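Asks:
Protein chains: 2
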Amino acid sequence: MTQINKRSGADSKPAGRHGARDARHPAGAGRTTKTSRPATPKHAAARRAPIDSLLNPDLFRALCDPTRAALVACIAKCGRGCSVSEVAECCSVDLSVVSRHLGVLARAGVLESRKEGRTVYYAVRYTALVTLLRSLANAFHECCPEGCGQGGGCCGSP
Amino acid sequence: MTQINKRSGADSKPAGRHGARDARHPAGAGRTTKTSRPATPKHAAARRAPIDSLLNPDLFRALCDPTRAALVACIAKCGRGCSVSEVAECCSVDLSVVSRHLGVLARAGVLESRKEGRTVYYAVRYTALVTLLRSLANAFHECCPEGCGQGGGCCGSP
DNA sequence: TGTTTATTTGCGTCATTATGCAAGTATTGA
DNA sequence: TCAATACTTGCATAATGACGCAAATAAACA
Chain G
38 MTQINKRSGA DSKPAGRHGA RDARHPAGAG RTTKTSRPAT PKHAAARRAP IDSLLNPDLF
98 RALCDPTRAA LVACIAKCGR GCSVSEVAEC CSVDLSVVSR HLGVLARAGV LESRKEGRTV
158 YYAVRYTALV TLLRSLANAF HECCPEGCGQ GGGCCGSP
Chain B
38 MTQINKRSGA DSKPAGRHGA RDARHPAGAG RTTKTSRPAT PKHAAARRAP IDSLLNPDLF
98 RALCDPTRAA LVACIAKCGR GCSVSEVAEC CSVDLSVVSR HLGVLARAGV LESRKEGRTV
158 YYAVRYTALV TLLRSLANAF HECCPEGCGQ GGGCCGSP
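Residue numbers (our numbering), protein chains in the order written: chain G, 38 to 195; chain B, 38 to 195.
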């Protein structure tokens, strides 16, 4: 189970993107420098970029279930570690199901758990998530061919 | 099928969070002003916050499959609209499967499609994704109880 | 018009997963 | 030690989803 990095975090900082040149459809018509655009998706697939590791399906797998997404939102808004039984009061599913969902979210790195006596508190890993989401946004931004890297805000950049 | 907003985008701007106060476990011990922390997850669930709409499972559902994630990364790195058959050369699954995957991604708002003759080009919706991911990061940040909103970078904020 | 190319869709199959119930484990308190 | 509390895990079921193949649609071309 791949999960969100426990330490560091940022894989991709805001930066000027690859080739970008004029971009737009006409594939790789220009010279083939290191930073030029891959001519085809097949070439692109062979290239390594931050987006490859950041677009980790395991994280999305954890968040793709409506019940789990609701649990995350709930715990996030609560702003503190919440016990399984507390959380179970928020939704209509059985407590055992909630327990399983929280386990999935913790293994994916979305939540962290802390046991205190017989109670287990699950809390949102805010920093890890915020860092990851921003890195992912930057990774997409790096790939964007629109003239947004030079400072102009194609992707809503300030 | 809920999908990424076609227009505007940003639902949540960087801002000082809710109550935040001292935070940490001791639930709602203080007065119950509008901006105080919800005492329990159940109370938290009743509150509306940007994270509720931004933590949309449909987007994550689209990205939770390894094949789809790879397709998105591939098209993103390519930086242009790619045809179904082009994209199919990047992965081992049948072309019909690729077509279905691209359809799922487009319906979720991750990709957009453009038909040209008998060819359909799928391209990444960079701006929508970057905006959404940053909004989601901000939405988590808003909920974070650590003393990060005041300018100190708890969540990797500059 | 008939053929080739590009993509989508119907269908059956196999694997995964969400769920509830019941039973099990762990911890606290009487 | 026994009972209550808090949570996890085993199991069966139903639903969903990914996949390949074949057929259907759509557009260009001879």
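Note that beta-carbon positions come from the ideal geometry of N, C-alpha and C, so glycine has one too.
Note that the structure is a prediction, hence the values are computed from the model and not measured.
1. At a CB distance below 7 angstroms, what residues from the region 83-116 of chain B approach chain G? Give them in sequence order.
2. Using a C-beta cutoff of 9 angstroms, does glutamate 183 of chain B count as contacting chain G?
3. Inspect the beta-carbon positions of glutamate 153 of chain B and proline 78 of chain G and report whether they are closer than 9 angstroms.
4. Applying a beta-carbon distance threshold of less than 7 angstroms, which residues of chain G neighbour valine 167 of chain B?
5. Rounded to the nearest angstrom, what separates alanine 125 of chain G and leucine 170 of chain G at their Cα positions?
6. Tell me where the alpha helix (DSSP H) around valine 196 of chain B begins and ends.
7. Are cysteine 115 of chain G and proline 75 of chain B close, meaning C-beta to C-beta below 9 angstroms?
8. Would you say leucine 170 of chain B reaches chain G, if we count a Cβ-Cβ gap shorter than 9 angstroms as a contact?
9. Is there a Cβ from chain G that is less than 9 angstroms from the Cβ of valine 134 of chain B?
10. Which residue's Cα is closest to the Cα of proline 182 of chain G: B:Glu179, B:Ser172, B:Leu100, B:Tyr163?
11. Is it true that the region 91-106 of chain B meets the region 95-107 of chain G, where meeting means three or more beta-carbon pairs spaced less than 8 angstroms apart?
12. Applying the criterion that 16 or more other CB atoms from any shown protein chain within 10 Å of the CB defines a buried residue, is valine 134 of chain G buried or exposed?
13. Roughly how many angstroms separate the alpha carbons of histidine 80 of chain G and alanine 106 of chain G, rounded to a whole number?
14. Grab the span of the beta strand (DSSP E) containing glutamate 153 of chain G for me, first residue to last.
15. By the three-class DSSP mapping on this structure, what secondary structure does alanine 145 of chain B have?
16. What residues in the region 119-133 of chain G have a beta carbon less than 7 angstroms from any beta carbon of chain B?
17. For leucine 132 of chain G, count neighbouring Cβ atoms within 10 angstroms of its own Cβ and tell me buried if that reaches 16, exposed if not.
18. So, is alanine 83 of chain G buried or exposed, given that buried needs 16 or more other C-beta atoms within 10 angstroms?
19. Alanine 81 of chain B versus chain G: which residues are under 7 angstroms apart at the beta carbon?
20. In this structure, how does DSSP classify alanine 174 of chain B when only helix, strand and coil are distinguished?
21. Work out the CA separation of asparagine 42 of chain B and alanine 165 of chain B for me, nearest whole Å.
22. What is the DSSP secondary structure of cysteine 101 of chain B, counted as helix, strand or coil?
23. Reducing DSSP to helix, strand and coil, say where threonine 168 of chain G ends up.
24. Note down the Cα distance separating leucine 173 of chain G from histidine 178 of chain B, rounded to an integer number of angstroms.
25. Which residues does DSSP pair with threonine 156 of chain B in a beta bridge?
26. Show which residues of chain G have a CB atom less than 7 angstroms away from the CB atom of cysteine 144 of chain B.
27. Using 9 angstroms as the threshold, is the C-beta distance between alanine 113 of chain B and cysteine 180 of chain G below it?
28. Run through chain B and tell me which residues come within less than 9 angstroms of threonine 77 of chain G, C-beta to C-beta.
29. How should threonine 156 of chain G be labelled, buried or exposed, when 16 other C-beta atoms within 10 angstroms of its C-beta is the threshold for buried?
Replies: On the basis of the data shown:
1. Arg84, Ala86, Ile88, Asp89, Leu92, Pro94, Phe97, Arg98, Leu100, Cys101, Asp102, Pro103, Ala106, Val109, Ala110, Cys111, Ile112, Ala113, Lys114, Cys115, Gly116
2. yes
3. no
4. Ala174, Phe177, His178, Cys192, Gly193
5. 27 angstroms
6. Outside the shown range of chain B, which is 38 to 195, sits residue 196 of chain B, and nothing can be said about it.
7. yes
8. yes
9. no
10. B:Tyr163
11. yes
12. exposed
13. 35 angstroms
14. 148-153
15. coil
16. Cys119, Glu123, Val124, Glu126, Cys127
17. exposed
18. exposed
19. Cys111, Lys114, Cys115
20. helix
21. 7 angstroms
22. coil
23. helix
24. 16 angstroms
25. B:Glu153
26. For the record, residue 144 of chain B in the displayed sequence is arginine; it is not cysteine. In chain order: nothing, as chain G lies at least about 14 angstroms away.
27. yes
28. Cys115, Cys119, Glu123, Glu126, Cys127
29. exposed
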